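Peer 1:
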Amino acid sequence: MSSLRVEAIDVFYGDVQAVWNISFQVEAGEIVTLVGANGAGKTTTLRTLAGLLRPRAGHILFDGKDVAGLPANELVARGIVLIPEARQLWPGMSVRDNLEMGAYTRAARAERHRTMQSVLEMFPILQKRLTQNAGTLSGGEQQMCAIGRGLMARPRLLMLDEPALGLAPMLVRQVFAALKEINGRGVTLLLVEQNVQHALRLAHRAYVLETGRVTLEGTGAALMDDARVRQRFLGEAGL
Amino acid sequence: MERLASVLLSSVLSAGLYATMAYGLAVIYGVMRIINLAHAGLMMLAAYVTLALNTRFGLDPFLSLLVVAPLFFCFGVLLDLTLIRRLPQGGNAPSMQSLLLLFGLWLVLQNLAYVVWGGDTQAILTPYTMSSVPLLGERYGVPLLLVFGVSVLSLLGLNFMLRRSFLGRAIRAVTQNRDAALLSGVNAARISAVAFGLGTAFAAIAGTMLSTLYAFTPDFGRSFLLKAFCIIVLGGLESFTGVAIGALVLALIENLMAAYTSIPTSFQDAISFSLLVLVLVVAPTGLPALFRSFSRRAVAR
Ligand SMILES: Nc1ncnc2c1ncn2[C@@H]1O[C@H](COP(=O)(O)OP(=O)(O)O)[C@@H](O)[C@H]1O
Ligand SMILES: [Mg+2]
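Going line by line, the protein sequences match chains A and B. For what it's worth, our numbering labels the leading residue of the first sequence as 2, then goes sequentially. For what it's worth, our numbering labels the leading residue of the second sequence as 8, then goes sequentially.
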């Protein structure tokens with residue numbers, strides 16, 4: 002099982018800083034969630050960890066090795082996989098091709114038939130959709146396909162950016178159940194979610210991000226009881 | 008009626024070549040989001056290489072494709088590794104730097120051809136250059152039919168590669184959603200090199216085929232680049248069928264004009280250029296997008 006240590010990273014878009022001196026860690030086998038309002042820098046953080054953005058300062062240690070600044074394909078090969086915001090499937094490719102392309106790295110490709118089988122067991126609906134273009138799927142099916150594609154890469158650390166966004170409550174529960182199962186199989190999870198209540202309940206530990214900085218951290222249960230969190234994210238009126 | 012049938016046949020025959028020509032541009036744009044302005048120069052260069060292989064070794068121009076296509080694939084990869092790769096990356100529209108670089112490359116190729124082969128008009132003659140076969144009451148040149156056959160074969164081959172191989176699917180994945188491809192472990196730099204190689208190879212296939220139909224000079228290819236632009240504006244740059252539809256529409260318009268109006272064929276370029284402008288005004292996102300929005304409106308009703 003893999004661990005992640007983020008040490009004081011700064012991330013910029015051009016000259017504009019979006020992430021300020023953020024540090025956190027995800028221990029091997031843990032589920033950690035980053036919560037925060039829109040624009041807090043959650044997506045930026047995940048995209049940096051996945052190698053789509055480069056941190057201007059700081060270190061990213063994956064299983065003890067500094068991986069900051071490595072290109073995305075190199076990170077995927079090491080087991081860091083991001084399921085991006087808004088699914089980002091290939092709309093003109095079949096569900097089967099979307100899943101198979103998830104297993105692009107050499108190691109994942111060798112195992113792809115077996116991985117595919119376990120993905121289809123987890124999301125049986127995809128079995129019926131295999132030959133359909135991904136662009137024709139419903140929102141829930143698209144999210145399952147996106148998670149399935151991420152699993153096809155055989156991740157050691159799986160990062161998810163708002164996997165429950167726009168889904169009906171029943172599907173949200175199904176997605177969170179799947180995440181729990183994936184974690185049970187030994188995959189370390191880093192989850193970003195607007196659905197704070199679900200996320201805190203699932204996560205072992207959580208960090209609160211505000212305007213690009215970590216402002217609070219604690220176990221999921223502790224943050225659930227924190228007055229500031231309740232007021233800001235769980236819809237409780239302030240006193 | 009018979010006349011219309013032969014117009015349709017002629018259109019389909021030229022559409023094959025047009026699609027081959029345009030697909031080279033489309034595959035490069037899809038992956039790299041740059042417009043290969045050097046396309047015409049590459050077609051011209053391939054015509055001269057075909058001529059050289061023909062005069063030196065007596066190699067048949069169609070057979071020489073087996074040499075020319077791989078050669079230009081490598082040339083394209085080399086161009087990417089040495090030049091294109093240095094351009095600023097990212098962004099969804101072709102950068103000014105990429106346009107200037109590739110336009111400059113075209114000029115360099117052109118001047119190189121002037122130095123090596125001079126400015127005289129060249130042509131490749133084969134035993135079958137002048138032969139023709141009767142079809143639907145008209146006679147069609149054997150080279151034209153061979154060009155159509157080769158076009159269809161190379162497009163089918165490319166399509167098969169794009170759908171069946173991991174490399175081909177990676178090319179489509181980068182075209183449809185670059186970030187998602189990167190996140191699946193695709194090495195974007197490698198795929199870009201392959202795409203530029205493929206685009207260059209398709210420019211070369213088109214150039215070799217054109218050299219069996221037309222005489223050429225180092226300026227050769229300009230009007231065909233214009234046609235290719237017209238096709239991709241008509242069909243959109245991102246889909247295989249779009250390119251095919253664009254090619255067919257352009258070929259149909261040209262052939263209908265030639266058959267039913269007295270506009271001289273020397274005005275053909277003016278036709279494709281007017282069409283280009285017209286489409287940009289009426290349907291700037293291309294015909295497929297226009298059809299899609301029509302059918303969506305029809306469904307909504
Ligand atoms: N592509 C971009 N270019 C410039 N600024 C951006 C870009 N993406 C996000 N930002 C800015 O970075 C900050 C963090 O955004 P983001 O990471 O998307 O937040 P979150 O995912 O928490 O909603 C915001 O202020 C946002 O406006
Ligand atoms: Mg976000």
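Here a beta-carbon is modelled for each residue, glycine too, at the ideal position from N, C-alpha and C. In this text, all values refer to a predicted model and were calculated from it rather than measured experimentally.
Tell me whether TYR30(B), by its Cβ, gets closer than 7 Å to a heavy atom of ligand 1.
Peer 2: No, the Cβ of TYR30(B) stays beyond 7 Å of every heavy atom of ligand 1.
Peer 1: Taking Cβ to Cβ, would you say LEU32(B) is nearer than 8 Å to ALA208(B)?
Peer 2: Going by C-beta atoms, LEU32(B) is not nearer than 8 Å to ALA208(B).
Peer 1: For chain B, find out if any of its Cβ atoms is closer than 8 Å to the Cβ of THR116(A); answer yes or no.
Peer 2: Answer no: the Cβ-Cβ gap between THR116(A) and chain B never drops below 8 Å.
Peer 1: Rounded to a whole number of angstroms, what is the C-alpha to C-alpha distance between LYS181(A) and ALA187(B)?
Peer 2: Roughly 24 Å separates the two Cα atoms.
Peer 1: Nearest by alpha-carbon distance to VAL74(B): which of LEU86(B), ASN61(B), LEU85(B) is it?
Peer 2: Nearest option by C-alpha distance: ASN61(B).
Peer 1: For LEU88(B), which residues of its own chain have a beta-carbon under 8 Å away from its beta-carbon, when the five flanking residues on both sides are left out?
Peer 2: Contacts found: ALA200.
Peer 1: Under 8 Å, with one C-beta from each stretch per pair, do the region 15–26 of chain B and the region 252–266 of chain B reach the 3-pair mark?
Peer 2: Flag = yes, the region 15–26 of chain B and the region 252–266 of chain B touch.
Peer 1: Would you please verify whether the beta carbon of LEU90(A) is less than 8 Å from any beta carbon of chain B?
Peer 2: Judged by the 8 Å Cβ criterion, LEU90(A) is in contact with chain B.
Peer 1: I think VAL173(A) touches ALA165(A), with their Cβ atoms under 8 Å apart; what is that distance to the nearest whole Å?
Peer 2: With a Cβ gap of about 4 Å, VAL173(A) and ALA165(A) count as contacting.
Peer 1: Under 9 Å Cβ-Cβ, which residues of chain B neighbour ASP162(A)?
Peer 2: Neighbours of ASP162(A) on chain B: none; closest Cβ ~11 Å, over 9 Å.
Peer 1: Compare the Cα-Cα distances from PRO134(B) to each of ALA120(B), LEU66(B), GLY164(B), GLY156(B) and report the closest residue.
Peer 2: Taking only the C-alpha atoms, the option nearest PRO134(B) is LEU66(B).
Peer 1: Is it right to say GLU194(A) is buried, meaning 16 or more other beta carbons lie within 10 angstroms of its own, or is it exposed?
Peer 2: GLU194(A) is buried by the Cβ-count criterion.
Peer 1: With DSSP as the reference, please indicate the residues paired to ILE61(A) in a beta bridge.
Peer 2: VAL7(A).
Peer 1: Can you pull the chain B residues whose beta carbon is under 7 Å from the beta carbon of GLY103(A), in chain order?
Peer 2: The contacting residues are SER191.
Peer 1: State the start and end residues of the unbroken alpha helix (DSSP H) segment that holds VAL56(B).
Peer 2: Note, VAL56(B): alpha helix (DSSP H), 46–64.
Peer 1: Leaving out five residues on either side along the sequence, give the residues of the same chain with a beta carbon under 8 Å from the beta carbon of ALA78(A).
Peer 2: Result list for ALA78(A): THR106, ARG107, ALA108, in chain order.
Peer 1: Could you give the DSSP three-state label for PHE231(B): helix, strand or coil?
Peer 2: In the structure shown, PHE231(B) sits in a helix (DSSP, three-state: H, G or I).
Peer 1: Compute the Euclidean distance between the alpha carbons of GLN129(B) and ALA222(B), then round it to the nearest angstrom.
Peer 2: Computed Cα separation, rounded: 6 Å.
Peer 1: Tell me the DSSP bridge mates of GLU218(A)?
Peer 2: GLU218(A) pairs with TYR208(A).
Peer 1: Check whether chain A comes within 8 Å of ARG92(B), counting only Cβ atoms and requiring the distance to be less than that.
Peer 2: Answer no: the Cβ-Cβ gap between ARG92(B) and chain A never drops below 8 Å.
Peer 1: Could you name each continuous beta strand (DSSP E) segment of 3 residues or more that falls completely within the region 94–129 of chain B, going from the start of the chain to the end?
Peer 2: Within the region 94–129 of chain B, no complete beta strand (DSSP E) run reaches 3 residues.
Peer 1: In three-state DSSP terms, what is THR116(A)?
Peer 2: Looking at THR116(A) - three-state DSSP - the assignment turns out to be helix.
Peer 1: Classify PRO56(A): buried if its beta carbon has 16 or more other beta carbons within 10 angstroms, exposed otherwise.
Peer 2: Classification for PRO56(A): buried.
Peer 1: What is the rounded straight-line gap between the Cα of SER3(A) and the Cα of ASP98(A)?
Peer 2: Their backbone Cα atoms lie some 28 Å apart in a straight line.
Peer 1: Would you check whether ligand 1 has a heavy atom nearer than 7 Å to the C-beta of ASN166(B)?
Peer 2: ASN166(B): no, Cβ never under 7 Å from ligand 1.
Peer 1: Which residues does DSSP pair with ASP162(A) in a beta bridge?
Peer 2: Looking at the DSSP assignment, ASP162(A) forms a beta bridge with VAL193(A).
Peer 1: Could you confirm whether any beta carbon from chain A is found closer than 8 Å to the beta carbon of ASP186(B)?
Peer 2: Chain A contact via Cβ: present.
Peer 1: Within 10 angstroms of its Cβ, does ILE238(B) collect 16 or more other Cβ (buried), or is it exposed?
Peer 2: It counts as buried.
Peer 1: Where does GLN133(A) sit, in a helix, a strand or coil, going by DSSP?
Peer 2: Correct three-state label for GLN133(A): coil.
Peer 1: Could you give the distance in angstroms between the alpha-carbon of MET168(B) and the alpha-carbon of THR49(A)?
Peer 2: So the two alpha carbons sit approximately 33 Å from each other.
Peer 1: Shortest alpha-carbon distance to ARG113(A) belongs to which of ARG130(A), GLY151(A), LYS129(A)?
Peer 2: The residue with the shortest Cα to Cα distance from ARG113(A) is GLY151(A).
Peer 1: Find the nearest neighbour of THR182(B) within the set ARG157(A), ALA19(A), MET94(A), judged by alpha-carbon distance.
Peer 2: THR182(B) has its Cα closest to that of MET94(A), out of ARG157(A), ALA19(A), MET94(A).
Peer 1: Report yes if the CB atom of ARG6(A) is closer than 8 Å to the CB atom of LEU62(A), and no otherwise.
Peer 2: Yes, they are a contact pair.
Peer 1: Could you list which residues in chain A have their beta carbon closer than 9 Å to that of ALA177(B), in chain order?
Peer 2: In chain order: MET102, TYR105.
Peer 1: Within the same chain, show all residues whose beta-carbon is closer than 7 Å to that of ASP64(A), passing over the 5 residues directly before and after it, in chain order.
Peer 2: Cβ within range, chain order: SER3, SER4.
Peer 1: Is it the case that the CB of TYR208(A) approaches a heavy atom of ligand 1 more closely than 7 Å?
Peer 2: Outside the cutoff, so no.
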